Amino acid sequence: MDEFGLRWLLGQGVSLVALVLCLVAFASKRDDRLFVLLLFANIAFAAQFALFESWVAAGISALIVLRIALVRRFRRNRAPMLGMLLATLVVAALTWSGPQDIPALAAGLLGTYGMFMLSGIPMRVTLAAAALCWVASNVLAGSIGGTIAESLIFLTNVITMLRLRRDARLPYTV
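Letter 65 of the sequence shown, counting from 1, is numbered 65 in the UniProt record's numbering, and no numbers are missing.
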């Protein structure tokens with residue numbers, strides 16, 4: 001594929017859409033809004049990775065859409081979490097092309113555990129670790145926009161964790 005061909009340009013464009021959605025999501029202090037916006041962002045990330053022919057990352061990003069929907073209904077429920085962990089491993093096994101797929105797999109597994117079993121700051125810590133894995137996956141796929149998106153997602157997530165921590169220490173007045 002030509003480095004600056006149509007697929008490459010489309011992949012970069014789609015990653016910018018995902019960037020905007022993720023920044024708005026992680027800037028939110030409300031978990032429910034975070035999940036809804038991440039649902040749409042991961043549709044964009046799945047398309048981006050498919051355009052870059054990074055199939056494990058594309059498959060796991062598509063699974064994340066289902067994971068987010070399940071988390072909203074089955075939070076802290078081990079059975080759906082285990083099902084999503086298994087589905088993530090199956091998708092990775094079916095589309096595996098080599099060690100470059102490890103970061104996407106790690107991101108999918110971390111994100112699944114964090115979203116199902118954690119909330120608030122602990123969930124965001126786990127999602128921040130997953131974001132670092134997605135940074136590596138985007139670098140390996142050659143996605144400039146995706147690399148910037150996940151780096152900014154990591155930073156935005158850390159800032160939001162600090163805001164949540166600060167808010168927890170402030171006295172509430174009526």
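Every residue gets a Cβ at the ideal spot worked out from N, C-alpha and C, and that includes glycine. For clarity, every value in this text was computed on a predicted model and none was experimentally measured.
Burial state of residue i, where buried means 16 or more other Cβ atoms lie within 10 Å
{"i": "residue 4", "result": "exposed"}
{"i": "residue 159", "result": "exposed"}
{"i": "residue 178", "result": "Residue numbering for the chain in the displayed model covers 1 to 174; residue 178 lies beyond these limits and cannot be assessed."}
{"i": "residue 162", "result": "exposed"}
{"i": "residue 56", "result": "buried"}
{"i": "residue 67", "result": "buried"}
{"i": "residue 107", "result": "buried"}
{"i": "residue 94", "result": "exposed"}
Own chain residues within Cβ distance below 8 Å of residue i, not counting five before or after
{"i": "residue 164", "result": "29, 120, 121, 124"}
{"i": "residue 1", "result": "Because residue 1 sits at a pLDDT of 44, beneath the cut-off of 50, its placement in the model cannot be relied upon, and the following sentence gives the value as read from the coordinates. 7, 8, 53, listed in sequence order."}
Rounded Cβ spacing between residue i and residue j (contact assumed at less than 8 Å)
{"i": "residue 156", "j": "residue 26", "result": "4 Å"}
{"i": "residue 50", "j": "residue 58", "result": "4 Å"}
{"i": "residue 48", "j": "residue 144", "result": "In fact, because the Cβ distance is near 11 Å, the residues do not count as touching under 8 Å."}
{"i": "residue 103", "j": "residue 69", "result": "Contact doesn't hold; Cβ gap of about 24 Å is too wide."}
{"i": "residue 105", "j": "residue 87", "result": "Actually they do not touch by this definition, with Cβ atoms about 12 Å apart."}
{"i": "residue 38", "j": "residue 22", "result": "7 Å"}
Rounded straight-line distance, which links the Cα of residue j to that of residue i
{"i": "residue 90", "j": "residue 6", "result": "31 Å"}
{"i": "residue 85", "j": "residue 101", "result": "16 Å"}
{"i": "residue 16", "j": "residue 142", "result": "14 Å"}
{"i": "residue 36", "j": "residue 61", "result": "15 Å"}
{"i": "residue 114", "j": "residue 82", "result": "12 Å"}
{"i": "residue 171", "j": "residue 76", "result": "29 Å"}
{"i": "residue 20", "j": "residue 14", "result": "10 Å"}
{"i": "residue 148", "j": "residue 118", "result": "26 Å"}
{"i": "residue 153", "j": "residue 167", "result": "21 Å"}
{"i": "residue 92", "j": "residue 169", "result": "42 Å"}
{"i": "residue 18", "j": "residue 138", "result": "13 Å"}
{"i": "residue 72", "j": "residue 31", "result": "9 Å"}
{"i": "residue 97", "j": "residue 65", "result": "23 Å"}
Cβ shell of residue i (< 7 Å), same chain only, five flanking positions each side left out
{"i": "residue 110", "result": "126, 129, 130, 133"}
{"i": "residue 74", "result": "80"}
{"i": "residue 24", "result": "37"}
Close beta carbons around residue i, own chain, < 6 Å, minus the five adjacent residues each side
{"i": "residue 116", "result": "71, 81"}
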